[in-house]
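Enquirer: Here it is, the structure in full.
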Amino acid sequence: MSHPQDQSDPHSGATRRDLSTPTVPDGFLVAHLAEETRRRARSAHAPGATTAGADPDLLAALRDAVDDLGPVLLAASHDLSEHPEVSFEEHRSAAALADLVEGRGIEVVREAHGLPTALRAETGDPGGPTIAVLSEYDALPGIGHGCGHNVIATAGLGAFLALAAVGDRLPGRVVWLGTPAEEGGGGKEIMAGHGAFDGVDAALMVHPFTYDIADPLFLGRRQLRATFTGVTSHASAQPFMGRNALDAVNLMYTGVGLHRQQMPPTDRVHGVVTAGGERPNVIPEHAEMLFYLRSEHPEGLAVLSDRLADIARGAALMTGCGVTLAWDEAPAYLPVRGNGPLAAAWTTRYGERGRTVLPPEVVPRMFAGSTDFGNVSYRMPGVHAMVRITDADLSLHTREFAKAAVSAEADQVVLDSAWALAAVSADWLSDPELRRAAADDFEAAGGPVDVPSYFGPTSAAPAGGER
Numbered sequence: 001m002s003h004p005q006d007q008s009d010p011h012s013g014a015t016r017r018d019l020s021t022p023t024v025p026d027g028f029l030v031a032h033l034a035e036e037t038r039r040r041a042r043s044a045h046a047p048g049a050t051t052a053g054a055d056p057d058l059l060a061a062l063r064d065a066v067d068d069l070g071p072v073l074l075a076a077s078h079d080l081s082e083h084p085e086v087s088f089e090e091h092r093s094a095a096a097l098a099d100l101v102e103g104r105g106i107e108v109v110r111e112a113h114g115l116p117t118a119l120r121a122e123t124g125d126p127g128g129p130t131i132a133v134l135s136e137y138d139a140l141p142g143i144g145h146g147c148g149h150n151v152i153a154t155a156g157l158g159a160f161l162a163l164a165a166v167g168d169r170l171p172g173r174v175v176w177l178g179t180p181a182e183e184g185g186g187g188k189e190i191m192a193g194h195g196a197f198d199g200v201d202a203a204l205m206v207h208p209f210t211y212d213i214a215d216p217l218f219l220g221r222r223q224l225r226a227t228f229t230g231v232t233s234h235a236s237a238q239p240f241m242g243r244n245a246l247d248a249v250n251l252m253y254t255g256v257g258l259h260r261q262q263m264p265p266t267d268r269v270h271g272v273v274t275a276g277g278e279r280p281n282v283i284p285e286h287a288e289m290l291f292y293l294r295s296e297h298p299e300g301l302a303v304l305s306d307r308l309a310d311i312a313r314g315a316a317l318m319t320g321c322g323v324t325l326a327w328d329e330a331p332a333y334l335p336v337r338g339n340g341p342l343a344a345a346w347t348t349r350y351g352e353r354g355r356t357v358l359p360p361e362v363v364p365r366m367f368a369g370s371t372d373f374g375n376v377s378y379r380m381p382g383v384h385a386m387v388r389i390t391d392a393d394l395s396l397h398t399r400e401f402a403k404a405a406v407s408a409e410a411d412q413v414v415l416d417s418a419w420a421l422a423a424v425s426a427d428w429l430s431d432p433e434l435r436r437a438a439a440d441d442f443e444a445a446g447g448p449v450d451v452p453s454y455f456g457p458t459s460a461a462p463a464g465g466e467r
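Letter by letter, the sequence shown follows residues 1 to 467 of full-length UniProt numbering.
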């Protein structure tokens, strides 16, 4: 976003700000906090939601189907764990999951929606409302399934296969999507650009964690690569003839650190130096940093992006270097937008498996990462529930969590989650009131967002130009 005191620089073509006056802080967060307070007050005094849900006989049939699938699902979960594959390279994993679906007589689209390792299958009545159940199966380099995507994959698969077993009784359509490259690659956003969610009205998935939460906080995330260009010179004999690109990197890193005082508590910025020179006696003419920016609100992510661009521009000015910013080499992630009625349905159904889903705000909000499901949740109502696979206080993205993802407790979570995903899908398909409530909640939160254009152009551009 531009500032009212911005001016065009006739020499560079970039936007230069009148530095005699400060920028005006964006008031979006104050407005968000006020609305959040009003929403919590309404929720505290509102009666519990009551919807009819699916027919008990249909739910019983789904329960039996999940029980029958149990050995197959657990074998698949352990198989994925033993053969981890990183983003965009999940060829074996995708093939194994597709084989299981095809083995039950269901057609699978492989290499779906623009990605060689993406999958799609459908069941039910294509003329009715449509809900999608998602599976992730990419792993982490050197760590394996340290985010537990083997649990995500098989829970989603189990829900779809259970629903397919009663497909002729479903008053609508269920789409199963195998979504690669969640770990930084933005697979769901790439698939969305190739029509994966066209005609889909709602979406569901689960993610393993150390707590059971129906409506967790997930931050939006952008990537920024800042490349500084200086002038090389002998660092001892003629340092005054150089312009030090590594100094610019140092100043930008320091500027980001100082900016943290003005950041909302749930904002995050973390970066690494990816290039900084090769020899001490040569002033570096090329230096580079890669940052991740995260925020709880899309507007906050836009504001944070502007601040990082300003800091980069300031570092370049102080050192006499040039700077180029490249945004979102992989698709940006929006925060996950929760949906109250769907979260309530999840809490009920998962609770029927003996689970206690924690209310919002119980788990500290500092436990927040990012996911490309956020982009899905700004297109349609959705739930990205967290499911507890261990009592231990384990961090995600560790070998210890990968081990927990194939524990006996995680195995039970696969089955319980498969049942709850199938049951909530059946509730949503069967109950017009639930569909209407979920749609109303989605519209009240702002309705659909044009995700690809939200942050504007994302290719490399001179600092001070358009994002």
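In this text, a Cβ means the ideal position worked out from N, Cα and C, and glycines have one as well.
Where does His113 sit, in a helix, a strand or coil, going by DSSP?
Expert: Looking at His113 - three-state DSSP - the assignment turns out to be coil, as it is neither helix nor strand.
Enquirer: Taking the beta carbon of Asn281 as the centre, do at least 16 other beta carbons fall within 10 Å, making it buried, or is it exposed?
Expert: Answer is exposed; the Cβ neighbour count stays below 16.
Enquirer: What residue does the beta strand (DSSP E) around Gln223 start on, and which one ends it?
Expert: Unbroken beta strand (DSSP E) run through Gln223: 220-229.
Enquirer: Tell me which residues share the same chain as Pro298 and place their Cβ nearer than 8 Å to its Cβ, disregarding the 5 neighbours each side in the sequence.
Expert: For Pro298, where only same-chain residues beyond five positions count, the Cβ hits under 8 Å are Gly220, Leu334, Pro335, Tyr378, Val449, Tyr454.
Enquirer: What distance in whole Å lies between the Cβ atoms of Leu177 and Tyr137, which are believed to be in contact at a cut-off of 8 Å?
Expert: Not quite, the Cβ-Cβ distance comes to about 11 Å (not below 8 Å), so this is no contact.
Enquirer: Where does Asp198 land, buried or exposed, given buried means 16+ other C-beta within 10 angstroms?
Expert: Exposed, because fewer than 16 other Cβ atoms sit within 10 Å of the Cβ of Asp198.
Enquirer: Leaving aside the five residues before and after Ala46 along the sequence, list all residues of the same chain whose C-beta is less than 6 Å from its C-beta, in chain order.
Expert: Here Ala46 scores only 44 on pLDDT, less than 50, and its place in the model is too uncertain to base an answer on.
Enquirer: Between the Cα of Gln223 and the Cα atoms of Ser370, Gly322, Leu140, Ile389, which residue gives the shortest distance?
Expert: Checking every option, the nearest Cα to that of Gln223 belongs to Ser370.
Enquirer: Buried or exposed: His397, going by 16 or more other Cβ atoms within 10 Å of its Cβ?
Expert: His397 is exposed by the Cβ-count criterion.
Enquirer: Name the residue from Gly314, Met366, Gly128 whose alpha carbon lies nearest to the alpha carbon of Asp201.
Expert: For Asp201, the nearest C-alpha among the options comes from Gly128.
Enquirer: Beta strand (DSSP E) containing Ser135: first to last residue?
Expert: Element bounds for Ser135: 130-135.
Enquirer: Quick check: what's the CA-CA separation for Ala337 versus Arg104?
Expert: It should be pointed out that residue 337 corresponds to Arg in this sequence rather than to Ala. Distance between the alpha carbons of Arg337 and Arg104: 34 Å.
Enquirer: Excluding five sequence neighbours on each side, which residues of the same chain lie with their C-beta closer than 7 Å to the C-beta of Thr229?
Expert: Contacts found: Ala245, Glu285, His286, Cys321, Gly322.
Enquirer: State the Cα-Cα distance for the pair Leu301 and Ala332, rounded to the nearest angstrom.
Expert: One C-alpha to the other measures close to 10 Å.
Enquirer: For Ala345, which residues of its own chain have a beta-carbon under 6 Å away from its beta-carbon, when the five flanking residues on both sides are left out?
Expert: Excluding residues within five positions, the ones whose Cβ falls inside 6 Å are Val424, Asp427.
Enquirer: Can you tell me whether His384 is buried or exposed? The criterion is at least 16 other CB atoms within 10 Å of its CB, across all chains shown.
Expert: With 16 or more other Cβ atoms within 10 Å, it is buried.
Enquirer: Determine the extent of the beta strand (DSSP E) in which Thr324 is found, giving its start and end residues.
Expert: Unbroken beta strand (DSSP E) run through Thr324: 322-327.
Enquirer: By the three-class DSSP mapping on this structure, what secondary structure does Ser407 have?
Expert: DSSP places Ser407 in coil when its eight states are reduced to three.
Enquirer: Exposed or buried, what is Glu82 when buried is set at 16 or more other beta-carbons lying within 10 Å of its beta-carbon?
Expert: Flag for Glu82 reads exposed.
Enquirer: Please go through the same chain and pick out, in chain order, the residues whose beta-carbon is closer than 8 Å to the beta-carbon of Thr319, but skip the five residues on each side of it.
Expert: Once the five neighbours on either side are set aside, the close Cβ partners of Thr319 are Phe228, Gly230, Arg243, Asn244, Ala245, Asp247, Ala248, Leu251.
Enquirer: State whether the region 146-153 contacts the region 201-210, with contact taken as three or more CB pairs (one from each stretch) at a distance under 8 Å.
Expert: Result yes; three or more Cβ-Cβ pairs closer than 8 Å.
Enquirer: What is the rounded straight-line gap between the Cα of Val108 and the Cα of Ala392?
Expert: About 38 Å.
Enquirer: Since Gly158 and Leu73 should fall inside the 8 Å C-beta cutoff, what is the C-beta to C-beta distance between them, to a whole number of angstroms?
Expert: Contact flag correct, Cβ pair sits at about 5 Å.
Enquirer: Considering His286, what are the terminal residues of the beta strand (DSSP E) in which it resides?
Expert: Segment 286-295, the beta strand (DSSP E) holding His286.
Enquirer: With DSSP as the reference, please indicate the residues paired to Trp176 in a beta bridge.
Expert: Note: Trp176 sits in a beta bridge opposite Ala121, Val133.
Enquirer: Can you have a look at Pro381 and say buried or exposed, based on whether 16 or more other CB atoms are within 10 angstroms of its CB?
Expert: That one is buried.
Enquirer: How about the region 116-136 and the region 394-408: do they share at least three Cβ pairs that are nearer than 8 Å?
Expert: The region 116-136, when compared against the region 394-408, does not touch it at the 8 Å Cβ threshold.
Enquirer: For Ser20, which residues from the same chain have a beta carbon less than 7 Å from its beta carbon, with the 5 sequence-adjacent residues on both sides left out?
Expert: Result list for Ser20: empty, nothing under 7 Å.
Enquirer: Measuring alpha carbon to alpha carbon, tell me which residue in Ser87, Arg307, Asp26, Ala52 is nearest Arg435.
Expert: Residue Ala52 is the option with its Cα nearest to Arg435.
Enquirer: Alpha carbon to alpha carbon, how far is Ala422 from Ala112?
Expert: Answer to the nearest angstrom: the Cα atoms are 23 Å apart.
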